[in-house]
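Engineer: Under mature numbering (1 follows the signal peptide of the UniProt record, and there is no 0), read the sequence shown as residues -23 to -1, 1 to 464, first letter to last. This is the structure I want to talk about, given as structure tokens.
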Amino acid sequence: MDSFLQVFTCVALFNTLISPLNSLPWVINGMIDSVISSRRLHNYLSTPEHCSSELTISSDIVKDDFNRNTETIYDPTTVIIRNLCCSWSSTSTVEPQIILRDISLQLQKGLFIAIVGEVGSGKSSLLNSIIGEMSVISGSINSCGSIAYVPQVPWILSGSLRDNILLGKGFDTRRYEEVIQACTLDVDISTMIGGDMSHIGEKGLNLSGGQRARLALARALYHDSDVYLFDDILSAVDSEVASWILEKAIMGPQMKRKTQLLSTHNLQAIYAADMIVVMANGFVKWFGTLDSFLATPYSKISNPDSSSAVSATSSQKNKGPSTSEFNTKDVLDNGSVVDQEEQRDQTEAEGRKEGKVEIIVYKKYATLAGWSMVFLIFVSAFLMQASRNGNDLWLTYWVDSSSGTNNTRFYLTILAGFGIINSFFTLGRAFSFAYGGLCAAIQIHADLLGSLIGAPVSFFDQNPSGRILNRLVCQESSANSAIQKHP
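What follows is the structure in structure tokens.
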């Protein structure tokens, strides 16, 4: 009886180890993933912060850096840049390539400054340095007040047109109407089904380039900032719309006492500017008033094709955009006519089913894995459980048998046989389940990728890229690993 008790105790202890040992591979895999994730988080959190310096009242800051015989007037919303050198690289392992060199500017409140220069001269980099997007190698940037930035490629979120303009700010009817009129969005809204509540697809897929630029401009104007940075926004619209935006938006009544910086080649904007900054190869080559600018050779940097538009500026004042640009047919900035059906909500709602899984889903998965493999999985699982039950029944029979103490070797041999058989069928079920899951995963991936490649362009217009990536990565991973984790 003592030998039986020892065997019974050992079997009971080994049975308690089944669940932990089954989970051990997944625990090891999770530990490896956690180490990788922790390293990534450490690298991310260890990156240097972008420190934004505040404007300080100091006679050293407000001194005349340009040796000009003009009186410097301090203003709390002035942007002051002193001996600035900037780079796009923020890592210590990469040798920084200096983009902006020895920049010194003093921009007073209420001025409209035009930044001109050839392509690649550093106009956009100068604006990005002011908002802290570049790494400061040396020098300083001092500013006070809020800053609004309108990039060359507008950032449009998937939502209504009004949501894109408000961007979380409270709705002010009067200011909202003034902004959309100044940006000539009122005509576009009148032709859209649903008005300003019309849905805009991801990245503004159902808007023209000019409409996206004007939407970003309207967002900046609505938020009523102290400093406005415009990165060549007039190049996205034609000359008539540019003239309207320049007069009603950039130089409109809502922009009084606002500091504005506009990088542009548009002569209308240059002629309307209070001050002009000339950029070349990352340097500020010249900074001064318009009259002084016209007397320098740098005036030839501007686009000569825009000269005809300068004379048209005065004739178009106090007039809205021409009817050839905005009419009831909803003509876009590039001259193409948009069908109103294309203005509908193009983003389809994501379908989702809840409740129990339908039989057809199991049938589809079994077909992908292969019916022969499914049959082998069921047979091996049945025989595995049967051998385990036989092991328990034999152990019970050993307890009840009166001759168990005299035939210990015999009972142990049968018990070991059941254990070997159970191990064999357990391995068979595990390998067959893994192989079937692998076959199903390969087929699911092939079908999914084939359907994605063969999908029409409208599919990508109606489904955000995040949803598509979620199907290809997260959902497919769940269908593969989660099922095989709990066979």
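Where a beta carbon is used, it is the ideal one built from N, C-alpha and C, also for glycine.
May I have the straight-line CA-CA distance separating Ile419 from Gln362, to the nearest angstrom?
Structural biologist: So the alpha carbons of these two residues sit roughly 29 Å apart.
Engineer: Counting C-beta neighbours from all protein chains within 10 Å, is the total for Pro131 16 or more, i.e. buried, or is it exposed?
Structural biologist: The residue is buried, with at least 16 neighbouring Cβ atoms inside 10 Å.
Engineer: For Gln293, which of helix, strand or coil comes out of DSSP?
Structural biologist: Because the pLDDT at Gln293 is just 42, under 50, the model does not fix this residue reliably, and the value given afterwards should be weighed accordingly. Gln293: helix per DSSP, three-state reduction.
Engineer: Restricting to Cα atoms, I'd like to know which of Ile118, Ser98, Lys235, Ser175 is closest to Met256.
Structural biologist: Among Ile118, Ser98, Lys235, Ser175, the Cα nearest to that of Met256 belongs to Ser98.
Engineer: Only counting the same chain, and skipping five residues up and downstream in sequence, which positions put a Cβ closer than 6 Å to that of Lys225?
Structural biologist: The answer, listed in chain order, is Ala159.
Engineer: Between which two residues does the alpha helix (DSSP H) carrying Gln420 extend?
Structural biologist: 385 to 430 is the span of the alpha helix (DSSP H), which, as asked, contains Gln420.
Engineer: Three or more C-beta pairs under 8 Å: does that hold for the stretch 261 to 277 against the stretch 231 to 246?
Structural biologist: No, the stretch 261 to 277 is not in contact with the stretch 231 to 246.
Engineer: Would you report the Cα separation of Gly116 and Tyr205, rounded to the nearest angstrom?
Structural biologist: Straight-line Cα distance between these residues: approximately 22 Å.
Engineer: Do you know how far the Cα of Lys146 is from the Cα of His200?
Structural biologist: Their Cα atoms are separated by approximately 7 Å.
Engineer: With distances taken between CB atoms, is the gap from Ala125 to Ala197 smaller than 9 Å?
Structural biologist: In this structure, Ala197 lies closer than 9 Å to Ala125 by Cβ.
Engineer: Entirely within the stretch 220 to 278 and at least 4 residues each: give me those alpha helix (DSSP H) ranges in chain order.
Structural biologist: The qualifying runs are 244 to 249, 267 to 271.
Engineer: Spatial neighbours of Ser409 within its chain, please: CB distance less than 8 Å, with the 5 preceding and 5 following residues excluded, ordered by chain position.
Structural biologist: Taken in chain order, the residues that qualify are Met350, Leu353, Ile354, Ser357.
Engineer: Measure from the alpha carbon of Asn60 to the alpha carbon of each residue in His176, Asn440, Ile80, then state which is nearest.
Structural biologist: Comparing Cα-Cα distances from Asn60 to each of His176, Asn440, Ile80, the minimum goes to Ile80.
Engineer: For Phe89, which residues does DSSP report across the bridge?
Structural biologist: Paired residue(s): Gln237.
Engineer: For Leu82 versus Ile114, is the C-beta distance shorter than 9 Å?
Structural biologist: No. Outside cutoff.
Engineer: Assess, as a yes-or-no matter, whether the stretch 212 to 230 is touched by the stretch 149 to 164 under the definition of 3 or more beta carbon pairs within less than 8 Å.
Structural biologist: With a cut-off of 8 Å, the stretch 212 to 230 and the stretch 149 to 164 count as touching, because enough Cβ pairs lie within range.
Engineer: Give me the Cα-Cα distance between Ala417 and Ser(-1), rounded to the nearest whole angstrom.
Structural biologist: Looking at the two C-alpha atoms, the distance is approximately 23 Å.
Engineer: Using CA atoms only, rank isn't needed, just tell me which of Pro128, Asn(-9), Lys180 is closest to Ile134.
Structural biologist: First, the residue type needs correcting, since residue 134 is Leu and not Ile in the sequence shown. With distances taken between Cα atoms, Leu134 lies closest to Lys180.
Engineer: If you measure between the beta carbons of Val254 and Leu103, is that distance less than 9 Å?
Structural biologist: Yes, the pair counts as a contact, with Cβ atoms nearer than the cut-off.
Engineer: Would you report the Cα separation of Ser11 and Cys451, rounded to the nearest angstrom?
Structural biologist: Cα to Cα, Ser11 sits roughly 17 Å from Cys451.
Engineer: Looking at Ser123: is its Cβ nearer than 9 Å to the Cβ of Thr55?
Structural biologist: No, the Cβ-Cβ distance between Ser123 and Thr55 is not below 9 Å.
Engineer: What does a CB cutoff of less than 8 Å around Gln231 pick up in its chain, not counting 5 residues either side in sequence?
Structural biologist: Here the set comprises Arg152, Glu155, Val156, Ala159, Leu198, Asp201.
Engineer: Report yes if the CB atom of Asp163 is closer than 9 Å to the CB atom of Leu138, and no otherwise.
Structural biologist: No, these two residues do not count as a Cβ contact at 9 Å.
Engineer: Here's a check: name, in chain order, each residue in its chain whose Cβ is nearer than 6 Å to the Cβ of Arg406, leaving out the five neighbours to either side.
Structural biologist: Answer for Arg406: Ser357, Ala358, Met361, listed in chain order.
Engineer: Determine, using beta carbons only, whether Ala159 comes closer than 9 Å to chain D.
Structural biologist: The structure shown contains no chain D; it is built from a single protein chain.
Engineer: Does DSSP put Gln83 in a helix, in a strand, or in coil?
Structural biologist: Correct three-state label for Gln83: strand.
Engineer: According to DSSP, is Asn141 helix, strand or coil?
Structural biologist: The answer is helix: DSSP assigns Asn141 an H, G or I state.
Engineer: Helix, strand or coil, according to DSSP, for Gln320 in the structure here?
Structural biologist: Here Gln320 scores only 44 on pLDDT, less than 50, and its place in the model should not be relied on; the value that follows carries that caveat. Reduced to three states, the DSSP call for Gln320 is helix.
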